[in-house]
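S.K.: Start counting the sequence shown at 1; every next residue gets the next number (the UniProt record's numbering). To start, I am sharing the structure in question, which I have written as structure tokens.
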Amino acid sequence: MRNQNPVFIPGPTNIPDRLRAAMNVQTSDHRAPDFAESLQPLLEDLKKVFKTETGQVFIFPGSGTGGWEASITNTLSPGDKVLVARYGMFSHRWIDLCQRHGLDVEVIECPWGTGAPADLFAERLAADTDHTIKAVLATHNETATGVLSDIAGVRGAMDKSSHPAMLYVDCVSSLASMDFQMEAWGVDLAVSGSQKGFMLATGMAIVATSQKALAAVETASCSRCYFDFRDMGTANKNGGYPYTPPIQLISGLRASLDMLFEEGLENVYSRHFRIAEGVRVAVAAWGLRLCAESPDLYSDSVSAIYVPEGFNSDELTNHAFNKYGVSFGVGLGEMAGKAFRIGHLGELTDVQALSGLATIEMAMKDLDYPIELGVGVAAAQEYYRSTTTAK
Ligand code: PLP
């Protein structure tokens, strides 16, 4: 039987008992009046998490990748030019998805460990005097490298050249764990999923659109059917879905939003910051290095950590799993073998975070890493006990 240890992967997260219970509900009729009555408040509440008043939210069965596809196919046409930077595995996969949909993708290659390059975007946009670039794509939190990008800065770069391109942002691993301001940052399409900040099972792509993006749907000619905003929008307006909705996940989402609002979104963000800081002081105490190149890029939902020269991070994560039954994130893409990741998003407590740090520390010691057992945990303990407020 699988053990009950928490996972330290950067999503799916550990699911709080309250949300597991909320998803464990008997089938109910999605054409009954009570589903219709519950849907609109849910969509309105999601807007508070995206921080948009004028936008519209869609919940599709799927995952974050489905959200990418929905955002692209609803608003763009084959051959349309999009500008995007590659600085990790998820920005890479979004690029791949765009290419496979026949878009003309202008890629800016950036070192992994850096974030969305607002200055380079500004240069390319300024040079695009014919306005052939239809969209700029940015991954807010690059889960592969633990890098958080400055989306307001990207918007600033776009505004500087008065370029009309739309801004598409992947907030799969940032929404509901770090601040995201769709309206203030001028985001036209924001893509997320159920299994990260919302702490639910995987299975929903949660997408928010601006009115400008909705208008683009009318002329966009990429093939779409299942993810068509128009079908979903019309059905939602009538309180329903164009197909069978994932009732149990939607029930979980209601409870997730209730949990987030009870704590208060700003408190959720500061809790994530505290937990993440504890992990970062442990990393420093081990003498290891984060992939994120500078503190302004640090993610509060995941830390990607380089292993020392001569060590293989896959061996470390395998060992932690095989000997202690605890999962950590493996290195992805360019980071394979070079870095492991500690996911610290969702309902983690100080105590749970410490258990993860203690486990990876034991695993490193077992594999003869040049660390002293306990130093990372002690550093995190000091940080947590000096910053905690009574429960
Ligand atoms: N974007 C980011 C930043 C992610 O972290 C992930 C998944 O981890 C995805 C997109 C893809 O989402 P999914 O695996 O839910 O399809």
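The beta-carbon is built from N, C-alpha and C at its ideal position, and this holds for glycine as well.
Would you say the beta carbon of G252 is closer than 8 Å to some non-hydrogen atom of the ligand PLP?
M.R.: Reading the sequence shown from its first residue, position 252 is the one you call residue 252. Outside the cutoff, so no.
S.K.: L298 bridges to which residues according to DSSP?
M.R.: Within the sequence shown, the letter at position 298 stands for residue 298. Before going on, a small fix: residue 298 reads as Tyr here, not Leu. DSSP lists V147 as partners of Y298.
S.K.: At a cut-off of 8 Å, is S173 close to the ligand PLP when judged by its beta-carbon and the heavy atoms of the ligand?
M.R.: Here residue 173 refers to the residue found at position 173 when the sequence shown is read from its first residue. Yes, since a heavy atom of the ligand PLP falls inside the 8 Å radius drawn around the Cβ of S173.
S.K.: Using the Cα positions of residue 418 and R93, report the straight-line distance between them to the nearest angstrom.
M.R.: With the chain covering 1 to 391 only, the question about residue 418 has no answer from this structure.
S.K.: Is any heavy atom in the ligand PLP found nearer than 8 Å to the beta carbon of Q195?
M.R.: On the sequence shown, residue 195 is found 195 positions in, with the first residue counted as 1. True, at least one ligand heavy atom lies under 8 Å from that Cβ.
S.K.: In or out: D119 buried (at least 16 other Cβ within 10 Å) or exposed?
M.R.: Working through the sequence shown from its first residue, we reach residue 119 at position 119. Exposed: under 16 other Cβ atoms inside 10 Å.
S.K.: So, are the CB atoms of T27 and I250 less than 9 Å apart?
M.R.: The sequence position of residue 27 within the sequence shown is 27, counting from 1. The sequence position of residue 250 within the sequence shown is 250, counting from 1. Not in contact: T27 and I250 (Cβ atoms no closer than 9 Å).
S.K.: Roughly how many angstroms separate the alpha carbons of K338 and K47, rounded to a whole number?
M.R.: If you number the sequence shown from 1, residue 338 lands on position 338. If you number the sequence shown from 1, residue 47 lands on position 47. About 38 Å.
S.K.: Shortest alpha-carbon distance to W286 belongs to which of T219, M362, H272, G156?
M.R.: Mapped onto the sequence shown, residue 286 falls at position 286. Taking only the C-alpha atoms, the option nearest W286 is M362.
S.K.: For E334, which residues from the same chain have a beta carbon less than 7 Å from its beta carbon, with the 5 sequence-adjacent residues on both sides left out?
M.R.: For the purposes of this step, residue 334 is taken as residue 334 along the sequence shown, with counting starting at 1. Hits under 7 Å: W112.
S.K.: Do you know how far the Cα of L125 is from the Cα of I305?
M.R.: Taking the sequence shown and counting its residues from 1, the one referred to as residue 305 is at position 305. Taking the sequence shown and counting its residues from 1, the one referred to as residue 125 is at position 125. Each residue's alpha carbon lies about 34 Å from the other.
S.K.: Give the secondary structure of residue 392 by DSSP, where H, G and I count as helix, E and B as strand, and everything else as coil.
M.R.: Nothing about residue 392 can be read from this structure; the chain reaches only from 1 to 391.
S.K.: Assign N236 to buried or exposed, taking buried as 16 or more other Cβ atoms, counted over all protein chains shown, within 10 Å of its Cβ.
M.R.: By one-based count along the sequence shown, residue 236 stands at place 236. N236 comes out buried.
S.K.: Could you tell me the alpha carbon to alpha carbon distance between R31 and R341, rounded to whole angstroms?
M.R.: Translated into positions along the sequence shown, residue 31 becomes position 31. Translated into positions along the sequence shown, residue 341 becomes position 341. Rounded to the nearest angstrom, the two C-alpha atoms are 43 Å apart.
S.K.: Once DSSP output is grouped into helix, strand and coil, what is the label at A190?
M.R.: Numbered from 1 along the sequence shown, position 190 holds the residue referred to as residue 190. Of the three classes helix, strand and coil, the one that applies to A190 here is strand, per DSSP.
S.K.: Alpha helix (DSSP H) containing G115: first to last residue?
M.R.: Counted from its first residue, the sequence shown places residue 115 at position 115. No alpha helix (DSSP H) contains G115, which DSSP labels as neither H nor E.
S.K.: Should S256 be counted as a contact of the ligand PLP given a C-beta to heavy atom distance under 8 Å?
M.R.: As a position in the sequence shown, residue 256 is number 256, starting the count at 1. No, Cβ of S256 sits at least 8 Å from all heavy atoms of the ligand PLP.
S.K.: May I ask which residues mark the beginning and end of the beta strand (DSSP E) holding T139?
M.R.: Start at 1 with the first residue of the sequence shown, and residue 139 comes out as number 139. T139 -> beta strand (DSSP E) spans 133 to 139.
S.K.: Would you mind listing the alpha helix (DSSP H) stretches within the stretch 197 to 238 that are 4+ residues and don't spill past its ends, in chain order?
M.R.: Here the runs fully enclosed are 211 to 216, 229 to 237.
S.K.: Pick from M89, F198, T73: whose alpha carbon is nearest that of R20?
M.R.: Position 20 of the sequence shown, counting from 1, holds the residue named residue 20. The option with the nearest alpha carbon to R20 is F198.
S.K.: Just to check my reading of the structure: V172 and G64 have Cβ atoms closer than 8 Å, yes? What is that Cβ distance to the nearest angstrom?
M.R.: Translated into positions along the sequence shown, residue 172 becomes position 172. Translated into positions along the sequence shown, residue 64 becomes position 64. So it is a contact: roughly 4 Å between Cβ atoms.
S.K.: Looking at the ligand PLP, does it come within less than 8 Å of E334, judged from the CB to the closest heavy atom?
M.R.: Counting from one through the sequence shown, the residue named residue 334 turns up at place 334. Not so, every heavy atom of the ligand PLP lies at least 8 Å from the Cβ.
S.K.: Go through its chain and collect everything with a Cβ distance to E77's Cβ below 8 Å, but skip five positions before and after it.
M.R.: Position 77 of the sequence shown, counted from the start, is the residue given in the question as residue 77. A small fix is needed here, since residue 77 is Ser in this sequence, not Glu. Same-chain partners within the cutoff: T219, A220, S221, C222.
S.K.: Could you tell me how far apart the beta carbons of S177 and L43 are, in whole angstroms, since I believe they sit closer than 8 Å?
M.R.: By one-based count along the sequence shown, residue 177 stands at place 177. By one-based count along the sequence shown, residue 43 stands at place 43. Actually they do not touch by this definition, with Cβ atoms about 21 Å apart.
S.K.: Are at least three pairs of beta-carbons, each pair with one atom in the stretch 266 to 273 and one in the stretch 367 to 375, less than 8 Å apart?
M.R.: Verdict: no, contact absent.
S.K.: If we count Cβ pairs, one from each stretch, closer than 8 Å, do we get three or more for the stretch 92 to 111 versus the stretch 228 to 242?
M.R.: No: fewer than three Cβ pairs fall under 8 Å.
S.K.: Cutting at 7 Å between CB atoms, please list the residues of its own chain near C110, excluding the five before and the five after it.
M.R.: Within the sequence shown, the letter at position 110 stands for residue 110. Cβ neighbours of C110 beyond the five flanking positions: A85, R86, Y87, P117.
S.K.: Going by C-alpha to C-alpha distance, which of P308, P10, S38, V49 sits closest to E263?
M.R.: As a working mapping, residue 263 is identified with position 263 in the sequence shown. For E263, the nearest C-alpha among the options comes from V49.
S.K.: Hey, quick one: how far does the beta strand (DSSP E) through G343 stretch, first residue to last?
M.R.: Taking the first residue of the sequence shown as 1, we reach residue 343 at position 343. Note, G343: beta strand (DSSP E), 339 to 343.
S.K.: Grouping DSSP H, G and I as helix and E and B as strand, with all else coil, what is E106?
M.R.: Translated into the one-based positions of the sequence shown, residue 106 becomes position 106. Strand, per DSSP.
S.K.: May I ask which residues mark the beginning and end of the beta strand (DSSP E) holding A85?
M.R.: Residue numbering aside, residue 85 sits at position 85 when the sequence shown is read from its first letter. 81 to 86 is the span of the beta strand (DSSP E), which, as asked, contains A85.
S.K.: Please classify D188 as buried or exposed, where buried requires at least 16 other C-beta atoms within 10 Å of its C-beta.
M.R.: Working through the sequence shown from its first residue, we reach residue 188 at position 188. It is buried - the Cβ of D188 has at least 16 other Cβ atoms within 10 Å.
S.K.: Between which two residues does the beta strand (DSSP E) harbouring L332 extend?
M.R.: For this step, residue 332 is matched to residue 332 along the sequence shown. Neither: L332 is in no beta strand (DSSP E) and is coded neither H nor E.
S.K.: Tell me which residues share the same chain as A358 and place their Cβ nearer than 7 Å to its Cβ, disregarding the 5 neighbours each side in the sequence.
M.R.: By 1-based counting over the sequence shown, the position of residue 358 is 358. V377, listed in sequence order.
S.K.: Write down the C-beta distance between R155 and L167 rounded to the nearest angstrom, noting that I regard them as a contact closer than 8 Å.
M.R.: Numbered from its first residue, the sequence shown carries residue 155 at position 155. Numbered from its first residue, the sequence shown carries residue 167 at position 167. The pair is a contact, with the Cβ atoms about 6 Å apart (cut-off 8 Å).
S.K.: Figure out for me which residue from I9, G356, E183 has the closest Cα to the Cα of K51.
M.R.: In the sequence shown, residue 51 corresponds to position 51, counting from 1. Comparing Cα-Cα distances from K51 to each of I9, G356, E183, the minimum goes to E183.
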